[in-house]
Each structure stands twice: as structure tokens, then as C-alpha cells.
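Peer 1:
Residue numbers (this note's numbering), protein chains in the order written: chain A, 1 to 314; chain B, 1 to 330; chain C, 1 to 327.
(1) Is any beta-carbon of chain B found at less than 7 angstroms from that of residue 201(A)?
(2) Looking at the C-beta of residue 260(C), does it have a partner C-beta in chain B at a distance below 7 angstroms?
(3) Is residue 333(C) helix, strand or coil when you go by DSSP?
(4) Using a Cβ-Cβ distance cut-off of 7 angstroms, determine whether residue 216(C) contacts chain B.
(5) Using the three-state DSSP reduction, which class does residue 315(C) fall into: helix, strand or coil?
(6) Do you know how far the Cα of residue 6(C) is from the Cα of residue 34(C)?
(7) Restricting to runs no shorter than 3 residues, where is the beta strand (DSSP E) found entirely within the region 100-132 of chain B?
(8) Can you pull the chain A residues whose beta carbon is under 8 angstroms from the beta carbon of residue 363(B), in chain order?
(9) Does the separation of the CB atoms of residue 217(C) and residue 268(B) fall below 7 angstroms?
(10) Residue 19(B): which of 36(B), 11(B), 28(B), 172(B) sits nearest, CA to CA?
(11) Alpha carbon to alpha carbon, how far is residue 405(C) from residue 57(C)?
(12) Please state whether the Cβ-Cβ distance between residue 193(B) and residue 44(C) is less than 7 angstroms.
(13) Specify whether the region 316-330 of chain B and the region 171-179 of chain C touch according to this definition: at least 3 beta carbon pairs, one from each stretch, less than 8 angstroms apart.
(14) Taking residue 32(A) as part of the beta strand (DSSP E), name the residues at either end of that continuous run.
(15) Going along the chain, which residues of its own chain have a beta-carbon closer than 7 angstroms to the beta-carbon of residue 309(C), five neighbours each way excluded?
(16) With which residues is residue 230(C) paired in a DSSP beta bridge?
(17) Taking the CB atoms as reference points, tell me whether residue 206(A) and residue 121(A) lie closer together than 7 angstroms.
(18) Can you tell me which of 36(A), 112(A), 198(A) puts its alpha carbon nearest to the alpha carbon of residue 125(A)?
(19) Would residue 313(C) and residue 195(C) qualify as a contact pair, given that the criterion is a beta-carbon distance under 7 angstroms?
(20) Note down, in chain order, every chain C residue with its Cβ under 7 angstroms from the Cβ of residue 202(B).
(21) Is residue 141(B) near residue 100(B), with beta carbons less than 7 angstroms apart?
(22) Look up residue 168(B) in the DSSP assignment and give the residues it is bridged to.
(23) Give a yes or no on whether the C-beta atoms belonging to residue 268(A) and residue 37(A) are separated by under 7 angstroms.
(24) Whose C-beta lies closer than 6 angstroms to the C-beta of residue 4(A) among residues of the same chain, with five residues either side of it excluded?
(25) Here's the rule I'm using: 16 or more other beta-carbon atoms within 10 Å means buried, otherwise exposed. How should residue 287(A) be labelled?
(26) How would you write the range of the alpha helix (DSSP H) that residue 105(A) sits in, first residue to last?
(27) Under a three-way DSSP split, which group does residue 23(C) fall into?
(28) In chain B, which residues lie less than 7 angstroms from residue 228(C) when you measure between Cβ atoms?
(29) Closest to residue 300(C) by C-alpha separation, out of 24(C), 211(C), 282(C), 3(C), would be which residue?
(30) Ends of the beta strand (DSSP E) at residue 94(C)?
(31) From residue 325(B) to residue 304(B), what does the alpha carbon distance come to, in whole angstroms?
(32) For chain B, check one thing: does any of its Cβ atoms lie closer than 7 angstroms to the Cβ of residue 43(C)?
(33) Examine chain B for any beta-carbon lying closer than 7 angstroms to the beta-carbon of residue 206(A), and answer yes or no.
(34) Within 10 angstroms of its Cβ, does residue 170(A) collect 16 or more other Cβ (buried), or is it exposed?
(35) Are residue 214(A) and residue 297(B) closer than 7 angstroms when you measure CB to CB?
(36) Using a 10 Å radius around the Cβ and a threshold of 16 neighbouring Cβ atoms, would you call residue 194(A) buried or exposed?
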């Protein structure tokens with residue numbers, strides 16, 4: 001609100017105090033699943049963000065690799081070395097470090113796509129619900145069409161078109177295309193949910209009161225309706241992060257995701273797959289485990305959040 | 001002196017037809033609801049007109065037509081001599097909106113649950129550029145809250161921290177922010193407990209006296225209407241059937257529907273009174289009766305009532321739409 | 001003096017929450033005589049619906065009866081196992097709720113709903129049950145009962161549906177009917193019809209009624225006695241005319257004075273400042289004391305029991321023996 005700046009710090013402190021006294025926090029600290037899931041997710045996030053500083057080696061630095069150290073098993077096994085805790089791949093890269101850097105890429109792509117999906121989907125949903133009529137019908141038909149395509153195919157299509165248009169694209173462009181591709185598969189759920197909530201909120205008296213005051217429709221949508229329809233979006237987005245990470249992993253596994261110079265978890269799984277049958281299981285299994293851990297913990301958090309927010313949503 | 005509000009043959013029709021595809025496949029005709037079907041009245045400055053009626057009579061729709069939430073299908077609304085529809089569509093809309101505001105029925109839905117009371121009550125001030133800095137906003141909002149009996153500290157709280165009656169007072173404070181001349185009140189106390197209703201009605205009466213406000217008061221509760229109004233209009237299926245001064249309507253109701261309503265209401269002061277049994281229920285607005293809408297339930301209906309719709313006309317100091325009355329039968 | 005049909009003694013209903021146990025009903029006691037219509041009136045949060053729910057045995061968990069007894073025809077019904085309570089509910093106690101839309105199963109014809117109830121509780125044959133059901137529908141004023149017997153709830157209007165609900169409540173010839181806001185969702189002109197119907201039918205079938213509502217006008221029209229509830233306690237109880245015209249409890253005085261009436265002229269409605277306390281903030285002593293214009297020291301410390309005042313009973317220290325009446 002334009003004229004509510006003074007006392008912002010005190011207001012924030014009050015808001016924080018109110019949160020910790022509320023039902024959501026209570027539900028969190030009494031739910032072992034939520035606590036464990038958030039700890040795991042936090043740990044993965046931490047490792048991913050701090051990778052350049054806490055990883056034991058830098059797997060991207062080709063000069064530091066030593067072929068003699070290639071294909072070493074994890075440290076606790078017979079031929080393992082403590083220097084490489086989870087073993088090395090065929091080029092001598094430390095698996096643990098590769099995991100940290102890889103999850104960094106995966107999380108970045110996942111979060112960015114979700115953010116883009118949310119902005120696009122919520123925006124269209126608000127417009128659709130508030131404007132009604134032909135605008136609403138058109139947007140909903142677009143949603144229906146998008147839903148009739150399997151999401152991986154959409155991502156493959158956009159990614160393929162991108163590569164064809166920019167064959168020698170450098171990394172940033174490749175990442176952008178990938179993020180756009182993944183976000184285009186997920187925005188529909190936000191649009192539909194927000195549209196439904198907007199239809200409800202639009203009829204409520206506080207929106208009518210704003211109209212009587214003379215507030216413009218755009219302002220009403222942004223300042224009145226939007227804060228009240230975001231609740232379900234938060235839950236959807238949390239679960240969507242896991243889906244986005246897995247979609248990225250799938251695309252990278254198929255070879256059409258992240259560029260090979262920035263391997264994500266999916267790339268690592270693909271690369272390791274070749275060595276699975278020669279007995280060097282650690283190269284593919286560990287990235288797979290980390291992927292599962294991230295996806296599972298984020299999913300569980302999303303489930304808990306949905307239930308915790310439910311009585312208030314009602 | 002012209003009345004502040006003049007309504008002339010106001011009508012609103014809603015299209016409730018099935019979607020086009022369904023209509024084509026199932027061969028269904030278009031369906032319309034004549035929620036308001038030719039209503040005319042005037043409200044003098046500083047007075048209160050109450051519109052009463054049961055569900056489906058159109059009184060809430062009239063309220064919304066007056067403040068511009070709906071566009072009329074027919075007819076005209078004049079505020080201080082100026083046509084509201086034209087003004088609201090023009091760049092001068094803002095100045096008109098400042099002068100009329102609305103209070104809603106549901107105290108739980110009329111305040112944005114995510115906004116503080118300060119933002120809620122201050123929104124009209126900000127929107128119309130009546131305050132220039134946060135300090136002034138706080139001062140104005142504080143004054144408004146005091147005028148409805150709330151504390152300054154309540155500014156920082158959220159709606160869910162207040163009871164129904166207090167929320168309705170916040171709504172009143174918000175409505176008064178731009179110092180309007182005209183307030184449309186859509187069942188403002190129907191959702192409140194009796195003792196809280198008394199508080200809110202008292203405040204509304206005090207404010208009217210202090211600020212010279214004009215009210216359009218919508219209600220289905222005749223006892224409340226009797227307490228607050230100067231003039232009463234009785235609506236049935238979108239039409240005004242009787243319009244009279246308050247004392248006249250309650251002491252000597254003329255229209256058969258008004259009489260039936262007054263007779264039917266359970267009231268604490270009239271225990272054990274013998275009652276005339278009431279016939280029937282309010283008809284489906286999609287399929288209103290021909291002629292006078294009340295004729296299926298009216299003990300005085302004749303052949304003319306089934307075919308010819310009575311118009312609201314003057315009769316012995318009141319306005320009434322009834323063939324039996326104008327023919328002198330009752 | 002006939003034995004009372006329903007006896008409620010010292011009923012306490014509580015809600016355990018994570019912040020402690022909330023007492024929603026506190027030491028509620030009253031009787032209903034056979035064939036009598038007792039009104040229970042109060043504002044939102046006073047506990048009147050909870051009282052009805054406790055008697056029918058339909059308290060929503062985590063709500064539970066903490067203490068006290070409920071006796072129907074002499075035998076205790078508050079501590080019965082579920083199966084036995086199910087038998088009593090419907091057979092000896094009938095229920096009418098506020099919303100006729102949700103009281104009837106939309107997927108079953110009303111005839112079948114009636115017949116099912118009759119057969120389960122009265123153990124009659126199908127043909128006899130059907131005849132009885134049609135007779136009941138006719139009694140409630142539904143025209144062409146034979147044809148409407150096979151119709152679905154959505155084919156009836158609101159007032160008609162409530163008549164069907166009344167027929168359903170009376171189907172098994174109960175001794176007591178608990179009606180929770182039966183007319184609140186109906187149009188004003190229909191309200192009078194339904195109240196008249198309820199009064200007439202319960203008299204014809206010899207059933208007592210516990211009529212729960214916030215509308216004092218309905219109470220005035222329909223009831224013999226009325227109990228005024230405040231913050232989970234009974235503030236005053238007595239014959240309807242006495243409570244309305246000569247209330248003894250300051251809350252009843254304020255309540256009757258704040259209701260706009262069709263008779264009499266009053267410039268300002270009587271106003272009780274403040275609001276009913278929330279369950280987690282009920283004052284010590286008399287729950288009404290912070291808002292009472294006549295509160296004194298004892299009111300803030302000790303909770304008053306019901307004291308007899310002329311023809312009513314009021315829970316107020318002003319009327320206790322030795323105090324000497326209100327100022």
C-alpha cells in the first residue's frame with residue numbers, strides 16, 4: 001500500500017509473532033513428516049547453493065582431473081579412497097562434488113520454471129476469472145488444448161524447435177529455452193485454480209465495495225483478489241517444484257535438456273547408465289537417489305502445507 | 001426542491017438462458033428474469049426510504065442499480081438532478097462516486113480478510129486522492145473509527161479479529177470516508193444478533209442526524225424498517241406495490257400483499273393474535289403470473305387482475321398498484 | 001404435577017483444544033413437560049444449538065458432554081451406546097434443522113424417505129407405512145399428497161420442503177421434537193405458516209417441542225415457556241409472556257428492549273454495550289457482569305444459580321434471597 005511505509009519494521013515483527021503463534025506453525029512442529037522433509041529439502045538446497053564453496057572437488061575443472069583416479073568405488077568399499085567419498089566416474093570426477101553441482105543446476109532450472117509458470121498461470125487465471133465472457137472462454141480453451149498434450153512432448157517440442165533455431169546457442173540461451181519449455185507444461189493448473197477462486201471472490205461484497213468506491217478493475221484484481229487466491233497456488237507450486245525437477249532430469253536424461261558442460265542430475269544419471277552393467281553402479285545410483293530425495297521431500301512438504309492451510313482456506 | 005434521488009421506471013432483466021449449445025441441442029428458449037420491472041420513487045434529502053419484500057422481490061437489485069454495480073435495462077436514475085448512468089460512464093464518474101456509497105449485508109464478506117482495517121477504511125480516501133501522506137491517512141481513519149465507536153488501536157488489526165457487529169461498523173466507517181450524501185444500505189443488520197443490531201441501527205440514526213445523510217434502506221424485517229424509515233416501499237416480484245409514509249403504511253396498509261406481510265410477521269408485542277391464514281408462496285421469477293403478480297395469492301383478485309397489470313398510482317396520499325383499491329373494492 | 005418428559009441437569013459440554021478445554025455449556029438445567037413447547041433463545045455463541053445437539057446425541061467431536069445428566073421419560077440418554085441412541089433418535093426424539101435443502105436426501109423420493117423412517121421405527125408393513133406417510137403429508141398441508149409422494153426434494157419449494165421435514169420428524173410419533181432454527185431460512189410469510197403448522201401438529205400428535213431460535217418473535221408466537229441463554233448458561237427461564245413483558249435478568253431486559261417491535265414507539269433502541277464473550281474469555285462469576293449496568297461485587301466472583309423471581313427464574317444475584325431486589 002502506497003501510504004503505509006512507516007512502522008514497517010514493527011509491522012513485520014508483529015506479523016512474525018502472529019505466524020509463530022498460529023495454527024500453521026503448530027501443525028508444522030507437531031508433524032514429524034513435515035519436519036524431516038523440510039530438513040532434507042533444506043540440506044539439499046544448502047549443498048546446492050553452497051556447492052562452489054563446500055564441494056570437496058570441482059568436477060567442472062578439467063585440469064584437476066586425474067585419470068588414475070577414474071572409476072573408483074565409494075570410500076567404504078574395498079578399493080575406495082577417502083578422498084572421493086562416493087567414488088569417481090570414468091573421467092576421474094568426484095561423484096559427491098558432481099552431485100552438489102548437479103543438484104544446483106537441477107534446482108535452479110526447477111525453481112525458475114515454476115516461478116515462470118506461476119507468474120504466467122496466475123496472471124492468466126486472474127484475467128480469465130475477472131473478465132469473464134469471451135476472454136474467459138478463450139483462455140480456458142487454450143488451457144484445454146495444452147492439457148491434451150503430454151507434458152514431456154511439449155517440452156521436447158519446444159526444446160527441439162529451440163535447438164533447431166539456434167544450433168550453436170551458448171549456455172544461457174539453452175537454459176532459457178529449457179526453462180520456458182518446462183514452464184509451459186505446468187502453468188495450466190495455476191490458471192484454472194486461480195480462475196475458480198477469482199470467480200468466487202469476484203462476487204464477494206468486498207470486491208463490490210471496491211467497485212462502488214470506484215477502484216479500477218486492474219487495481220481490484222491486483223490488490224484485492226490476488227492476495228485471496230494465492231493460498232492454493234502456494235501448495236501447487238511446492239509440489240510442482242518436484243515435478244519440474246523430474247521433468248528437467250528426464251529431458252537431460254534423454255539428452256535434450258541442459259547443455260553437457262553443465263551436467264544436472266539427469267545428465268549424471270544418463271552418463272552413469274552406461275557403466276551400470278560393468279558393475280560401477282555408484283555413478284548412476286547416487287544421482288538417482290539424490291533426485292528421489294529432493295522430489296520426495298518437496299512433495300511431502302507440499303502435502304503437509306495443503307493440509308495445514310486447509311481449515312483456513314475454508 | 002428536487003429530491004436527491006429520483007428513480008423513473010427502472011428495470012433490470014437478467015439473461016439466465018442455458019449456454020448456446022444447450023439451447024440448440026435441447027431446443028430450449030431463452031430465459032429472462034425481470035428482477036426489477038419498472039420501479040419509480042423519489043427520496044428527499046436527509047430522509048430514509050426503506051424497501052421491503054421477500055426473497056426474489058428485487059430490492060437488492062434496486063440497491064445495486066442505484067450505485068452503478070449493475071446497468072439498468074430500462075429507465076433512469078437521477079442523483080441531484082443528474083443522470084447517474086451517463087455520469088458513471090463519463091470521466092466525471094469519480095465525483096459522483098464520492099457522493100454515494102454502499103453498506104452490504106454480510107459483515108464477513110464485505111471486508112477484505114487480508115487487509116488491515118486502516119487500509120480498508122482508508123481505501124476510498126486514497127482512491128479519491130483525499131489524503132496526501134500516511135500521517136494524514138491515519139488521522140482521518142482514526143476519526144472515522146471514532147465516529148462509529150471503535151478504538152484507534154483497531155486500525156492495525158485484521159477483520160477476523162472483530163465480531164460481526166464491529167465489522168459492520170467498519171463498513172460504515174469506510175462508507176463515510178468520502179463524506180457522501182447518500183448511503184445505500186443492503187440489509188445491513190440482517191446477519192447480526194438482535195442486541196448488536198440495536199447498536200448498529202442507533203449509530204446509523206445518529207450519523208444521519210449529525211451529517212444529514214440520505215438512506216435507501218433495504219430489509220425484509222418490517223420491525224426494523226418501522227424503526228428506521230420515513231417512507232416505505234413494498235416490493236413484490238420486481239414491482240413496487242405500495243409506497244407510503246411510514247406511519248401510514250403501518251397503521252393503515254392498503255395493498256393486500258402489505259396487509260398479508262404485516263399480518264404474518266411474528267412479533268413479540270402481538271402474541272396470541274388471531275391471524276388470517278396466508279395462501280401460497282412467492283412464485284418462480286422465471287415464470288411470473290400474468291397481470292398482477294400477486295393475484296394467485298390475493299383474496300380480492302378478479303378477472304381484471306389476472307390480465308391487466310396495475311400501475312403504481314396516487315390514491316389518497318399514498319402510491320399503490322392494485323385494481324381492487326383503485327376500484328374501491330377494498 | 002405430571003413427571004417431566006425431558007430433564008436436563010447440570011449439563012456441561014466442553015471442547016478440548018490445544019490451548020486448553022473450552023466450556024461451551026456450563027451447568028445448564030431445565031425440564032420440558034409432555035406436550036409443552038419450550039423455546040430456547042439466545043444470540044450466536046450462546047450455546048442453544050449445542051444444547052439441542054447434546055440432547056439428540058449429535059455433538060460434533062471433539063465436543064463432548066463433560067458432566068451432567070439428560071433423562072428422557074425417566075431414563076438416562078446421555079451415556080447410551082451409539083446403537084441404542086440411534087434407536088431413540090427418530091423414535092422418541094425427532095429433529096428439524098434449519099436448512100430444508102440439506103435435511104433431505106436429494107437422491108431419494110420424499111415418499112421413500114418417509115416410509116423408511118416409519119418402517120424402521122414403527123416396524124410396520126410397507127403398505128401401512130405408505131398410507132401413514134401420505135396421511136402425514138396431507139396433515140402438513142401438502143396438496144395432492146399421493147402424487148407428490150414420489151417426487152424428489154428439489155421439486156419442492158423451500159416452505160414445502162420444511163413441511164416434509166416436519167412430517168419426517170413426526171413420522172415415528174416421537175415424544176419430543178428438537179427444532180433448531182426451523183424458520184430462519186424461510187421467507188417471512190412462510191415462517192408464519194410453518195410455525196402455525198408446528199404448533200398444531202405437535203398438539204395433535206402429543207409431542208413436546210424444544211424450539212431453538214434467535215428470533216424472539218417466533219418464540220412469542222409459538223412457545224409456552226422460554227429459556228434465555230447467554231454464554232453457555234441459562235440466564236432466565238419462565239412463561240413466555242412473563243419473560244417478554246417482565247424480564248428479571250438484566251440481559252433479558254436489554255434483549256427485549258433492543259428488539260424493534262411493530263407496536264410502540266421508541267426513538268432509540270435499548271443497547272447493550274459490548275459483545276457476548278468468546279468461549280476462551282468468559283468472565284469469572286456471572287458471565288454477563290462486564291456488560292451489566294447493575295453488577296456489583298458478588299457478580300464478579302460467584303456464578304449465580306437460578307433464583308425464583310415472581311413467575312420466572314433468573315440466574316442473577318439481584319434476585320437472590322437477602323439482596324432485596326434490583327436497584
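Idealized CB from N, CA, C, for every residue including glycine.
Peer 2: According to the structure data:
(1) On the first chain, residue 201(A) is found 201 positions in, with the first residue counted as 1. Among the residues facing chain B, residue 201(A) is not included, as its CB has no counterpart in that chain under 7 angstroms away.
(2) Taking the first residue of the third chain as position 1, residue 260(C) is located at position 260. Closer than 7 angstroms: yes.
(3) Beyond the ends of chain C as shown, which are 1 and 327, falls residue 333(C); an answer cannot be given.
(4) For the purposes of this step, residue 216(C) is taken as the residue at position 216 of the third chain. Answer yes: the Cβ-Cβ gap between residue 216(C) and chain B drops below 7 angstroms somewhere.
(5) Taking the third chain and counting its residues from 1, one reaches residue 315(C) at position 315. Coil at residue 315(C), not helix or strand.
(6) By one-based count along the third chain, residue 34(C) stands at place 34. By one-based count along the third chain, residue 6(C) stands at place 6. Spanning the two alpha carbons is a distance of roughly 8 angstroms.
(7) Runs of beta strand (DSSP E) with 3 or more residues, each lying fully within the region 100-132 of chain B, are found at 100-103, listed in chain order.
(8) Lying outside 1 to 330, the shown extent of chain B, residue 363(B) is not represented and no answer is given.
(9) Residue numbering aside, residue 217(C) sits at position 217 when the third chain is read from its first letter. Residue numbering aside, residue 268(B) sits at position 268 when the second chain is read from its first letter. Contact: yes.
(10) As a working note, residue 19(B) is residue 19 in the second chain. Selected option, being the one with the closest Cα: 28(B).
(11) The displayed coordinates of chain C run from 1 to 327. Any statement about residue 405(C) would go beyond what the structure contains.
(12) Here residue 193(B) corresponds to residue number 193 of the second chain, with the count starting at 1. Here residue 44(C) corresponds to residue number 44 of the third chain, with the count starting at 1. Taking 7 angstroms as the cut-off, the Cβ atoms of residue 193(B) and residue 44(C) count as close.
(13) No: the two stretches stay apart, fewer than three of their Cβ pairs being nearer than 8 angstroms.
(14) Here residue 32(A) refers to the residue found at position 32 of the first chain. No beta strand (DSSP E) holds residue 32(A); the alpha helix (DSSP H) holding it covers 32-49.
(15) In the third chain, residue 309(C) corresponds to position 309, counting from 1. Within the same chain, residue 309(C) has close Cβ partners 248, 319.
(16) Along the third chain, one-based indexing puts residue 230(C) at 230. In the DSSP output, where bridge partners are listed per residue, residue 230(C) has 233(C).
(17) Counting from 1 along the first chain, the entry for residue 206(A) is found at position 206. Counting from 1 along the first chain, the entry for residue 121(A) is found at position 121. No, these two residues do not count as a Cβ contact at 7 angstroms.
(18) Counting from one through the first chain, the residue named residue 125(A) turns up at place 125. Ranked by Cα distance from residue 125(A), the options 36(A), 112(A), 198(A) are led by 198(A).
(19) Here residue 313(C) refers to the residue found at position 313 of the third chain. Here residue 195(C) refers to the residue found at position 195 of the third chain. In this structure, residue 313(C) lies away from residue 195(C), with their beta-carbon atoms at least 7 angstroms apart.
(20) For the purposes of this step, residue 202(B) is taken as the residue at position 202 of the second chain. Result: 268, 269, 271.
(21) Locating residue 141(B) in the second chain gives position 141, counting from the first residue. Locating residue 100(B) in the second chain gives position 100, counting from the first residue. Not closer than 7 angstroms, so no.
(22) Translated into the one-based positions of the second chain, residue 168(B) becomes position 168. The partner list for residue 168(B) (beta bridge, DSSP) is empty, contrary to what the question assumes.
(23) Looking up residue 268(A) in the first chain gives position 268. Looking up residue 37(A) in the first chain gives position 37. Contact flag unset, no.
(24) By one-based count along the first chain, residue 4(A) stands at place 4. Note that residue 4(A) scores 45 on pLDDT, short of 50, meaning its location in the model is unreliable; the coordinates nonetheless yield the value given after this. By the criterion of a C-beta distance shorter than 6 angstroms, residue 4(A) is surrounded by no residue of its chain, once the five residues flanking it on both sides are discounted.
(25) Within the first chain, numbered from 1, the residue matching residue 287(A) stands at position 287. Only buried fits residue 287(A), as 16 or more other CB atoms lie within 10 angstroms of its CB.
(26) For the purposes of this step, residue 105(A) is taken as residue 105 along the first chain, with counting starting at 1. Per DSSP, residue 105(A) belongs to the alpha helix (DSSP H) from 95-131.
(27) Residue mapping note: residue 23(C) aligns to position 23 of the third chain, counting from 1. Here DSSP, grouped into helix, strand and coil, assigns residue 23(C) to strand.
(28) The residue you call residue 228(C) lines up with position 228 of the third chain. Neighbours of residue 228(C) on chain B: none; closest Cβ ~11 angstroms, over 7 angstroms.
(29) For the purposes of this step, residue 300(C) is identified with residue 300 of the third chain, where counting begins at 1. Nearest neighbour of residue 300(C) by Cα position, chosen from 24(C), 211(C), 282(C), 3(C), turns out to be 282(C).
(30) Sequence index remark: in the third chain, residue 94(C) carries index 94 (1-based). Taken as a continuous stretch (DSSP letters only), the beta strand (DSSP E) holding residue 94(C) covers 93-96.
(31) As a first step, residue 325(B) is located in the second chain; it is residue number 325 there, counting from the start. As a first step, residue 304(B) is located in the second chain; it is residue number 304 there, counting from the start. Going by C-alpha positions, residue 325(B) is about 13 angstroms away from residue 304(B).
(32) In the third chain, residue 43(C) corresponds to position 43, counting from 1. True, the Cβ-Cβ gap to chain B drops below 7 angstroms.
(33) On the first chain, residue 206(A) is found 206 positions in, with the first residue counted as 1. Yes, contact with chain B.
(34) Sequence index remark: in the first chain, residue 170(A) carries index 170 (1-based). That one is exposed.
(35) In the first chain, the residue the question calls residue 214(A) occupies position 214. In the second chain, the residue the question calls residue 297(B) occupies position 297. No, the Cβ-Cβ distance between residue 214(A) and residue 297(B) is not below 7 angstroms.
(36) In the first chain, the residue the question calls residue 194(A) occupies position 194. Under this definition residue 194(A) is a buried residue.
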